[in-house]
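Peer 1:
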Amino acid sequence: MKRMAGLMVVMLLLSGCSQSREVHKNLFAMDTYMELTAYGSSAESALEQAQQELLRLDAMLDRKGEGELARINQEGEGSVSAETAEILSVALQLAEKTEGAFDPTVGALMDAWGFYDGQMCVPEESELAQALEQVGYEKISLKDNTVNTNGTLLDLGGIAKGYAGDRLCQILRQAGITSAILSLGGNVQTVGKKPDGSLWQVAVADPEQPKEYACSLAVEDQAVITSGGYQRRMIQDGREYHHILDPKTGQPADTGLLSVTVVGDCGMICDALSTALYVMGLEQGTAYWREQGDFEAIFITKDTLYYTPGLCPEQTGDRKVVCLK
Numbered sequence: 070m071k072r073m074a075g076l077m078v079v080m081l082l083l084s085g086c087s088q089s090r091e092v093h094k095n096l097f098a099m100d101t102y103m104e105l106t107a108y109g110s111s112a113e114s115a116l117e118q119a120q121q122e123l124l125r126l127d128a129m130l131d132r133k134g135e136g137e138l139a140r141i142n143q144e145g146e147g148s149v150s151a152e153t154a155e156i157l158s159v160a161l162q163l164a165e166k167t168e169g170a171f172d173p174t175v176g177a178l179m180d181a182w183g184f185y186d187g188q189m190c191v192p193e194e195s196e197l198a199q200a201l202e203q204v205g206y207e208k209i210s211l212k213d214n215t216v217n218t219n220g221t222l223l224d225l226g227g228i229a230k231g232y233a234g235d236r237l238c239q240i241l242r243q244a245g246i247t248s249a250i251l252s253l254g255g256n257v258q259t260v261g262k263k264p265d266g267s268l269w270q271v272a273v274a275d276p277e278q279p280k281e282y283a284c285s286l287a288v289e290d291q292a293v294i295t296s297g298g299y300q301r302r303m304i305q306d307g308r309e310y311h312h313i314l315d316p317k318t319g320q321p322a323d324t325g326l327l328s329v330t331v332v333g334d335c336g337m338i339c340d341a342l343s344t345a346l347y348v349m350g351l352e353q354g355t356a357y358w359r360e361q362g363d364f365e366a367i368f369i370t371k372d373t374l375y376y377t378p379g380l381c382p383e384q385t386g387d388r389k390v391v392c393l394k
């Protein structure tokens, strides 16, 4: 009996170790470095599935590769998979709700500025005007799985990583993973809690000192997605330009915001909203939050960190902290 009891204790201990086994996977996809971390006995195989899914989505949604999005941009119309149609449908709905602050047809603008291929430069006025003529989510026709771009260039970069995060979380849960954290560039998505039962602590970068943190957030089963001009920028003729473009002007959004972080259950929606709210600015962005009420957010300016009441940010910087009402 003593041997049996001892054996049972050993088996329980081994089971506990197996459940808390930590596995990491690092890769480059969707134009950013990603780190996937999962815990549990099936973590390794689950992360392998997640990696394959990331690579599949990267190819499918790359607008200049050989996937569906690239084909539609080249041909101007055609059929797409139900999955691509779903992503585009959500993107168009959010574009309408945000009155174009988020717009999936900014491909021509991104090309004009060179943000897509890394050849960044300030476009000539004539080039910018021509690119603006190709922007407008209202021009897109989507019926069932048939798309007509009507002269626009689709760019789902503002929503693709959020969708990818949602899919990876789904895959991990289906594989039995109850604890995981995914860092996809400026996107963080979590599965469950940490193995010890505590909440995940997700840091929000300080836009003025990106290697430092403005605050941290305690979350469970949520997406924490940040958009900020500091993430990709260039300096030309002594002036700084960033990659978050206002679809109405074609210029980098200049609203006084340094970054916006959106927290919610759906990564795809949080991804698009973080861009939209940044373009809107503090006043219009907070008005949108009050109207919708289905997400939480942090707005960071040079001297103040504003947060919605559903969050309890632990500040690490020296900005003034204001709870929005």
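In the working numbering, the protein residues as written are 70 to 394. For each residue, glycine too, the CB sits at the ideal point set by N, CA and C.
Measuring alpha carbon to alpha carbon, tell me which of E122, G183 and E91 ends up nearest Y310.
Peer 2: Residue mapping note: residue 310 aligns to position 241 of the sequence shown, counting from 1. Ranking E122, G183 and E91 by Cα distance to Y310 puts G183 first.
Peer 1: Quick check: the region 340-350 against the region 166-180, are at least 3 beta-carbon pairs closer than 8 Å?
Peer 2: Yes, the region 166-180 touches the region 340-350.
Peer 1: Quick one: give me the first and last residue of the alpha helix (DSSP H) that L211 is part of.
Peer 2: Counting from one through the sequence shown, the residue named residue 211 turns up at place 142. It is not in any alpha helix (DSSP H) - L211 instead sits in the beta strand (DSSP E) that spans S210 to K212.
Peer 1: Per DSSP, A107 forms a beta bridge with which residues?
Peer 2: The residue you call residue 107 lines up with position 38 of the sequence shown. Paired residues: V92 and A249.
Peer 1: Per DSSP, which one or two residues make a beta bridge with L126?
Peer 2: Here residue 126 refers to the residue found at position 57 of the sequence shown. Paired residues: none, contrary to the question.
Peer 1: Check whether the Cβ atoms of V260 and C238 sit closer than 7 Å, and answer yes or no.
Peer 2: Here the question's residue 260 lines up with position 191 in the sequence shown. Here the question's residue 238 lines up with position 169 in the sequence shown. The answer is yes: Cβ separation under 7 Å.
Peer 1: Using a 10 Å radius around the Cβ and a threshold of 16 neighbouring Cβ atoms, would you call N256 buried or exposed?
Peer 2: Your numbering for residue 256 matches position 187 in the sequence shown. Buried: at least 16 other Cβ atoms inside 10 Å.
Peer 1: Please classify Y282: does DSSP put it in a helix, a strand, or coil?
Peer 2: Taking the sequence shown and counting its residues from 1, one reaches residue 282 at position 213. Looking at Y282 - three-state DSSP - the assignment turns out to be strand.
Peer 1: Could you tell me whether the region 259-273 touches the region 282-297, using the rule of 3 or more Cβ pairs below 8 Å?
Peer 2: Touching, per the Cβ criterion.
Peer 1: Is it the case that the region 206-219 contacts the region 110-117, given that we only count it when at least three CB pairs across the two stretches are under 8 Å?
Peer 2: The answer is no - the region 206-219 does not touch the region 110-117, with fewer than three Cβ pairs under 8 Å.
Peer 1: Does G336 have its Cβ less than 7 Å from a Cβ in chain B?
Peer 2: Note that chain B does not occur in the displayed structure, where there is just one protein chain.
Peer 1: So who's on the other strand from L374, going by DSSP bridges?
Peer 2: One-based indexing of the sequence shown puts residue 374 at position 305. Answer is I369 and V390.
Peer 1: Whose C-beta lies closer than 7 Å to the C-beta of A181 among residues of the same chain, with five residues either side of it excluded?
Peer 2: Residue numbering aside, residue 181 sits at position 112 when the sequence shown is read from its first letter. Contacts found: P192, E196, L197 and A200.
Peer 1: Taking the beta strand (DSSP E) that I294 belongs to, which residues open and close that run?
Peer 2: Sequence index remark: in the sequence shown, residue 294 carries index 225 (1-based). Segment A292 to G297, the beta strand (DSSP E) holding I294.
Peer 1: Can you list, in chain order, the stretches of the beta strand (DSSP E) that have 3 or more residues and sit fully within the region 185-235?
Peer 2: Runs of the beta strand (DSSP E) inside the region 185-235: 210-212 and 215-217.
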